[in-house]
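In what follows, a single structure is set out as structure tokens and then discussed.
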Amino acid sequence: MTATGSDFTKALEIGRPPNVTKLFPNSKALLVSGKVIDRAMSAKGHALALAANGRNQFVIRGVLMAAQRANAAVIIEIAKSEGGRSSYCAVNYWNMARQVDALCNELGITVPVAIHADHYGIKNDKDLADAKVEVPTMFEAGITSIAIDASHLPDDKNLLANLAINPCIPKWAGLETEVGEIKGKEGLSTVPEALFLIQGLNAHDIFPDWIALNNGTTHGIEASDTGIQVQLTADIHKALEKYRISGAQHGTSGNSSERLREIAAKTATTKANVATALQMISWGLEVNDYGNAQLDADGNFIKVKGEGVTEEMWAEMVAYADSKGWKKGDYKSLNLPFENKLLAQPLAVRERMARRVEDFVYKMITEVFNSQNTAPLAIEAILKAGSYDPGPKASRIEDPAEWTENKIVERAGGLTGNKGPAGNFDD
């Protein structure tokens, strides 16, 4: 299945949001709202859009090449911890769209791509005040989709934070919300908590495209015997069915391909984040089916000779991490100090870094996520809407009078659930 040239041309004309057309008036890159990507996955059915955390330029390049090869709509994203004002990556909320647009034009990419601000964390009143200034600047820089993550807060404050920041988000933009902080098997999300959040938003005419849950997974390189709890996810999605919201699966690294296929087949999930695995693959480390970098007998990462960065560069990266006393989970912080050094490697090395990502991602798209050939479906959604904005999937069915601030606080008092251990869980 492929879109015709005339369909692509028309989609390029009407399908790019206003911030994108303003920034890139002469571009041939089809940067679209996250809504468009969700609609494409739903149209195919049992398909997950690969949402790649572009921690370095090689990841972004490789993902775009894989998406083009698979004819798949795709999402490039960065989280606040990775690319916010205090971050560990050179790619950030304010330059990611520019990098993606430039690479799409360089590589002749014709599949639709959303630019997603993942895990925009709001943990306190100061974060909320900062967000009201910062979020508009991100859309000015080309973001087309955002995940508001106030899941660290109690249920009432999570909902109220989502309500407070929503006026700063364009109506056409893809919107993700979250219930339950991602912390593995502790503090799992519940049906009542998810209903509370989505019903409260619905009452205020806010209709998210995705909801992310704590469904048993973790972020980073940690492997877990529990992993994603498919039945819990399916139960929550079923309870939310009339609100027409899709699922977003976080923390796919560390979960087997089989479990991810189950998420696609048995739940309403249409977005799956892949972060740590792609970083490790670009560097040339040995990675298993779970997306976890493998360790040798001495507990060190295994560098595949002739793959990824040069052996000399990898030795320098390891020495730098050792000098900082970093553990294996801290290696992500190598992205910022080494981005320019990696870009200064010979062309053949840079190409093999991106190609390794491409091959891994192509396999994920075609053999696990079932999102191959979704690019024409995304273009079809644009043409059907006649606009960059396909509009909301849901309509208001909750009574606003029952969801005032006082009633939200009162309702939240009736929710019970184990939030899990306190701590700074990485997003």
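Heads up, the working numbering is the position in the sequence shown plus 1, with the first residue counted as 1. Note that the Cβ used here is the ideal one computed from N, Cα and C, for glycine as well. Every value quoted in this text rests on a predicted model; they were computed, and no experiment measured them.
Between T253 and K333, the C-beta gap is not smaller than 8 Å, which leaves the two residues out of contact. Residue environment analysis places V134 among the exposed positions, since fewer than 16 neighbouring C-beta atoms fall within 10 angstroms of its C-beta.
DSSP, read as helix, strand or coil, puts S28 in coil. Boundaries of the beta strand (DSSP E) harbouring V114: V114 to G122, taken from the DSSP string. As the crow flies, the alpha-carbon of L160 is around 20 Å from that of A80.
When the beta-carbon positions are compared, V101 and I61 come within less than 8 Å of each other. The three-state secondary structure of E179, taken from DSSP, is strand.
Comparing C-alpha distances from G300 to each of I282, D206 and K328 shows the shortest one belongs to K328.
R260 sits away from V288, with the two beta carbons spaced by 8 Å or more.
Pairing T138 with N54, the inter-Cα distance amounts to about 20 Å. Distance check between A240 and each of T191, G292 and G181 places T191 closest, using alpha-carbon atoms only. Here the C-alpha atom of F9 lies approximately 20 Å from the C-alpha atom of I77. Closest in alpha carbon position to K408, among E368, L344, Q200 and H251, is Q200. For S82, the enclosing alpha helix (DSSP H) has its first and last residue at K81 to G84. Taking each of E141, S372, A273 and R351 in turn and checking the Cα distance to T22, the smallest one comes out for E141.
Counting the other Cβ atoms within 10 Å of the Cβ of I303 gives fewer than 16, which makes it exposed. In the same chain as R357, and ignoring 5 residues on each side of it, the C-beta atoms closer than 8 Å to its own belong to G63, I282, S283, G285, E308 and G309, in chain order. DSSP, reduced to helix, strand and coil, places N293 outside both helices and strands of the structure shown, so it counts as coil. Three or more beta-carbon pairs separated by less than 8 Å link the region 266-274 to the region 235-250, which places the two stretches in contact. Taking a cut-off of 8 Å on C-beta distances, the region 160-171 touches the region 114-134, as three or more cross pairs fall below it.
Assignment of alpha helix (DSSP H) within the region 263-322, counting only whole runs of 4 or more residues, yields 277-284 in chain order.
Inter-segment contact for the region 374-390 and the region 20-39 is present: three or more beta-carbon pairs are separated by less than 8 Å. Between the alpha carbons of W95 and Q295 lies a distance of about 33 Å. The beta-carbon separation of E177 and P155, rounded to 20 Å, does not stay under the 8 Å limit for a contact. Inclusion of G217 and L233 in the CB contact set at 8 Å is warranted, their separation being smaller than that value. One thing to note: A50 has its Cβ within 8 Å of the Cβ of S372. Burial check for R353: the Cβ neighbour count within 10 Å reaches 16 or more, so the residue is buried. Per the C-alpha coordinates, the member of S247, A174 and A213 positioned closest to Y389 is A174.
Out of V410, A130, R56 and A395, the CA that lies nearest to the CA of D157 is found in V410. For the set I116, I149 and V114, the Cα lying nearest the Cα of D128 is the one of I149. Rounded to whole angstroms, the separation of the alpha carbons of I207 and A402 is 15 Å. For N54, the enclosing beta strand (DSSP E) has its first and last residue at A50 to N54. With a contact defined as Cβ atoms closer than 8 Å, I116 and Q69 miss out at about 17 Å. Within the same chain, A67, R70 and A71 come within 6 Å of Y363 by CB-CB distance, once the 5 residues on both sides are set aside. Linking W315 to K342 through their CA atoms gives a straight-line distance of about 11 Å. Cα atoms of V369 and K45: separation of roughly 14 Å, rounded to the nearest angstrom.
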